[in-house]
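Each remark here refers to the structure printed beneath this line.
Residue numbers (the numbering used here): 2 to 934.
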């Protein structure tokens, strides 16, 4: 391309280079973006990180509002308070320099030049607005102060956890554009329950809009409905996914009347909900409530008051005088959680996994790994045995139904002798990973259940060369016609990846050499243990496990032979116990002396990180892989002198909802099904199925810490789903079991647990750990005691002005610590970990945590009273008053808890009409009113 500068000079980038000697031509191009972009790549700075998409194009500027807040947005901080006077963040970051008439003056509105309304782009004036370099700070539009908080991770990191930790600002955009289709925010809309009105006119389904009831989405069929200035209302009914198992609502009303508008009465209503969950989550608790109410109303006409009014000079009226008195008292007696506890996290679902499948047809013969020769490829057969393996042979403690008592495994039979033998011989399989699983940045371990003790097992993750035989040609049974492959296997195409039927293969003889290239598929139920030809690609249309698609090297289906090699590699020496998880060996009772065991390999750690026996993690790296772009995986073997048979029961990349916050820590799980040394907390078990009688797995979170330096900590954290706020004020305590594994740990350590809005505004509990599930290890937060201490601490700070007072309170088995200004009504963040109490000695070890829950539900009854009085003197004057009181525990049937505050409201009002003293023919209307509350 050509760059034409304002001074008239021209610069050409790239072009066709012709060698003056040979005459050969070479097309030279400028690389804009490599396949795996990294911060250290020269192309990194070519990305426009100052342009933000506002989630919609063709914006209406009349309805566009843009603001920048300091995180969290609930604090409503819109200005840089480090500057004096404070500057609005729009001005600080160069979005607001001009006022509405074009003069240089910030007016709190983003300048029109900074928004491309057609494309929906917000454009900051420099490339790194939230962490500008020296040149960018000098821009006339930028107004950062020396202490303005900066965000560097979004410009120099690709790690999501680092970016989240560095998160400081929120850009809030309000547009008047109406989306089409529009999400209703609910699923399972009840058919035909919707009422859609536009400017008061009811729209017709099928004419004005379409409705997808299952996903809760409405699509408008006319432009009028998309006008943001037109009032649109949509009412509908829906069925929640998580509905209580049963609901009951009972009510009764009794009333005695002693006048047309006077009575005394009483009402009683009972409501209960039950849940099918043995461990109810917060917000889905079973409960019951009873409300009773007594009310009185006296409403009478008072003729003598009208007579008294008419006795006043100049007044004559026929309007009636009335007096009304009402009184009401109500009480609610409720149990918001009949099970008295609700789970924040029972850790049963904390483990997140990506299963790489052990299905034979999910894998194909692999390309050669880096620095491995095609001619050294050994003979490999992979298959799922016809007779499956007993589940209890692999996991003896797993409870399974009879029909599920056997499971598939993936078997590798590797015979290097078939091509000369020796430890340099290799063979492997590979597969493409579906797009939805390419991002494995949150995975922390490779876990493999394996049987076999010979050779090395290598696992590759990343971008892997698809070229199986290394000829540089896309080999495929799918014949290309006019540049198009239809993806349908025909009988004529089923000749294997060599593209040749047997008869055309060199050396063919119908009797002596019927399959010269050895690519024929064959397997029969008559001889089910003969797997010698089960991986053949010629004739495999008859394969009952697959064969419906053409065999091809194009694993990702992009009609191109991808040859990039950018991958991570991990190696398991099957003769070694390195990375073997203790107490997972399960010996097979077949006389071979072999056993199943679990290997767990850290995949995100540096290759230089030492394991306890002094070895380094076996991780190598080819090219520039990225855990956010794991497109392929390959498993291959070497290090075998003769014959080896390996069985794989499970291959998983494992992550966790709890993420590492610091170094020196690994997050894993311990369960009754997979860990022989695991002991559940006292009284805690899995759930037994009512239909099958099978006991489910019970699981804890394992925190493994390694060489924590003196007076340092190792910790992990998690946030609520989508950052939703969690209100814990319904309960009076938090409880969590903690296990200290002294057998594999150094001296007793201090454990801590935090909960709050964020890490800097949180309640914290600390305790020293004893061996096992000791009672003294339990995290027990007494909410009334803890919040009272917070109030006392914050009051003392305001009284003394000493900001560095120790916010620590001793409890029976530990300490409370106040961080910032926490509240139990807005909990979004949880953190826990280990503190090394020693000054110089590093510590290592392992702890387990389980059953994080809130307990001791608030059941105090709530009261409400209300009385009103009203009197009118014909149509001359009136007076009324209301006195209402609700205590902190009173609530309605649709609420689970009171407001937490007692409210008393007194309101008085009166009116007088002096124009009644004037003749009616004057037509005066001069009412006087007065109100007080």
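All residues carry an ideal CB built from backbone N, CA and C; glycine is no exception.
Owing to the predicted nature of the structure, the values given are computational and were not obtained by experimental measurement.
At which residues does the beta strand (DSSP E) containing residue 136 begin and terminate? Position 135 of the chain shown, counting from 1, holds the residue named residue 136. Per DSSP, residue 136 belongs to no beta strand (DSSP E); it is in the alpha helix (DSSP H), 135-138.
My guess is that residue 364 and residue 430 are in contact by the Cβ rule of under 8 Å, so how many angstroms apart are they, rounded? On the chain shown, position 363 is the one that residue 364 refers to. On the chain shown, position 429 is the one that residue 430 refers to. Residue 364 to residue 430, Cβ: 4 Å. Contact.
The beta strand (DSSP E) spanning residue 820 covers which residue range? As a position in the chain shown, residue 820 is number 819, starting the count at 1. Start and end: 816-820.
Using a Cβ distance threshold of 8 Å, determine whether the segment 332-342 contacts the segment 289-296, with at least three qualifying pairs required. yes
So for residue 929, helix, strand or coil by DSSP? Locating residue 929 in the chain shown gives position 928, counting from the first residue. Looking at residue 929 - three-state DSSP - the assignment turns out to be strand.
The alpha helix (DSSP H) that contains residue 935, what's its start and end? In this structure the chain extends from 2 to 934, so residue 935 is not present and cannot be described.
For residue 497, which option in 868, 389, 270, 522 has the closest C-alpha, if you only look at C-alpha atoms? Sequence index remark: in the chain shown, residue 497 carries index 496 (1-based). The shortest Cα separation from residue 497 among 868, 389, 270, 522 belongs to 522.
Leaving out five residues on either side along the sequence, give the residues of the same chain with a beta carbon under 7 Å from the beta carbon of residue 772. Looking up residue 772 in the chain shown gives position 771. For residue 772, where only same-chain residues beyond five positions count, the Cβ hits under 7 Å are 741, 743.
Residue nearest to residue 717 in terms of C-alpha spacing, selected from 745, 685, 683, 756: Numbered from its first residue, the chain shown carries residue 717 at position 716. The option with the nearest alpha carbon to residue 717 is 756.
Between residue 60 and the rest of its own chain, which residues show a CB-CB distance below 7 Å, the 5 nearest in sequence each way excluded? As a working note, residue 60 is residue 59 in the chain shown. So the qualifying residues of the chain are 118, 121, 176, 178.
When we look at the beta-carbon of residue 136 and count the other beta-carbons within 10 Å, is it buried (16 or more) or exposed? In the chain shown, counting from the first residue as 1, residue 136 sits at position 135. With fewer than 16 other Cβ atoms within 10 Å, it is exposed.
Which complete beta strand (DSSP E) runs does the segment 41-123 hold, if anything under 3 residues is left out? 52-54, 66-71
What are the residues that DSSP puts in a beta bridge with residue 879? Position 878 of the chain shown holds residue 879. For residue 879, which the question treats as bridged, DSSP gives the partners 873, 912.
Residue-level contact to chain B via CB, residue 520, 7 Å cutoff: In the structure shown, chain B cannot be found, because there is only a single protein chain.
Out of curiosity, what's the CA-to-CA distance linking residue 507 and residue 378? Along the chain shown, read from residue 1 onward, the residue named residue 507 stands at position 506. Along the chain shown, read from residue 1 onward, the residue named residue 378 stands at position 377. Rounded to whole angstroms, residue 507 to residue 378 spans 20 Å at the Cα level.
Within 10 Å of its beta-carbon, does residue 561 have 16 or more other beta-carbons around it, so buried, or fewer, so exposed? Taking the chain shown and counting its residues from 1, one reaches residue 561 at position 560. When all chains shown are included, residue 561 counts as exposed.
Using 10 angstroms around the beta-carbon of residue 648, count the other beta-carbons present and answer buried if the total reaches 16, otherwise exposed. Locating residue 648 in the chain shown gives position 647, counting from the first residue. Buried, because 16 or more other Cβ atoms sit within 10 Å of the Cβ of residue 648.
Grab the span of the alpha helix (DSSP H) containing residue 156 for me, first residue to last. Translated into the one-based positions of the chain shown, residue 156 becomes position 155. 154-157 is the span of the alpha helix (DSSP H), which, as asked, contains residue 156.
Would you list the residues sitting across from residue 534 in a DSSP beta bridge? Working through the chain shown from its first residue, we reach residue 534 at position 533. According to DSSP, which records beta bridges pairwise, residue 534 is partnered with 523.
Buried/exposed call for residue 832, threshold 16 Cβ in 10 Å: By one-based count along the chain shown, residue 832 stands at place 831. Counting Cβ neighbours within 10 Å, residue 832 comes out buried, since at least 16 surround it.
Mind checking whether residue 389 and residue 407 have CB atoms under 7 Å apart? Taking the first residue of the chain shown as position 1, residue 389 is located at position 388. Taking the first residue of the chain shown as position 1, residue 407 is located at position 406. Cβ distance < 7 Å, so residue 389 and residue 407 count as in contact.
Just checking my contact of residue 714 with residue 835 at CB under 8 Å: how many whole Å lie between their CB atoms? As a working mapping, residue 714 is identified with position 713 in the chain shown. As a working mapping, residue 835 is identified with position 834 in the chain shown. About 6 Å separates the two Cβ atoms, so the contact holds.
Exposed or buried, which one is residue 322 when buried takes at least 16 other CB atoms within 10 Å? Locating residue 322 in the chain shown gives position 321, counting from the first residue. It is buried - the Cβ of residue 322 has at least 16 other Cβ atoms within 10 Å.
At which residues does the beta strand (DSSP E) containing residue 253 begin and terminate? The residue given as residue 253 occupies position 252 in the chain shown. Segment 247-258, the beta strand (DSSP E) holding residue 253.
DSSP three-state label for residue 488, please. Position 487 of the chain shown, counted from the start, is the residue given in the question as residue 488. Three-state DSSP puts residue 488 in coil, outside helix and strand.
Can you check whether the CB of residue 652 is closer than 7 Å to the CB of residue 357? As a position in the chain shown, residue 357 is number 356, starting the count at 1. As a position in the chain shown, residue 652 is number 651, starting the count at 1. Result yes, Cβ atoms of residue 357 and residue 652 sit closer than 7 Å.
Buried/exposed call for residue 611, threshold 16 Cβ in 10 Å: For the purposes of this step, residue 611 is taken as residue 610 along the chain shown, with counting starting at 1. Unreliable placement is indicated for residue 611, whose pLDDT of 44 sits below 50; no coordinate value is reported for it.
Using a threshold of 7 Å, state whether the C-beta atoms of residue 410 and residue 650 are closer than that. Position 409 of the chain shown, counted from the start, is the residue given in the question as residue 410. Position 649 of the chain shown, counted from the start, is the residue given in the question as residue 650. Yes, Cβ-Cβ distance for residue 410 and residue 650 is below 7 Å.
Among 166, 871, 366, 895, which one has its Cα closest to the Cα of residue 72? By one-based count along the chain shown, residue 72 stands at place 71. The option with the nearest alpha carbon to residue 72 is 166.
Would residue 751 and residue 769 qualify as a contact pair, given that the criterion is a beta-carbon distance under 7 Å? In the chain shown, residue 751 corresponds to position 750, counting from 1. In the chain shown, residue 769 corresponds to position 768, counting from 1. Cβ distance < 7 Å, so residue 751 and residue 769 count as in contact.
Let me know the secondary structure DSSP gives residue 861 once reduced to three states. Reading the chain shown from its first residue, position 860 is the one you call residue 861. Correct three-state label for residue 861: coil.
Using a threshold of 7 Å, state whether the C-beta atoms of residue 700 and residue 349 are closer than that. Residue mapping note: residue 700 aligns to position 699 of the chain shown, counting from 1. Residue mapping note: residue 349 aligns to position 348 of the chain shown, counting from 1. Closer than 7 Å, so yes.
Report the residue from 746, 641, 727, 637 whose alpha carbon sits nearest the alpha carbon of residue 369. For this step, residue 369 is matched to residue 368 along the chain shown. The shortest C-alpha separation from residue 369 is found at 637.
C-alpha distance - residue 440 paired with residue 41, whole-angstrom precision: Your numbering for residue 440 matches position 439 in the chain shown. Your numbering for residue 41 matches position 40 in the chain shown. If I take the Cα positions, the gap works out to 20 Å.
Bridge partner(s) assigned by DSSP for residue 698: Walking along the chain shown from the start, residue 698 turns up at place 697. Paired residues: none, contrary to the question.
Can you look up residue 609 in the DSSP assignment and give me helix, strand or coil? Locating residue 609 in the chain shown gives position 608, counting from the first residue. In this predicted model, residue 609 has a pLDDT of only 42, less than 50, meaning its place in the structure is not dependable; the value taken from the coordinates is given anyway. Looking at residue 609 - three-state DSSP - the assignment turns out to be coil, as it is neither helix nor strand.
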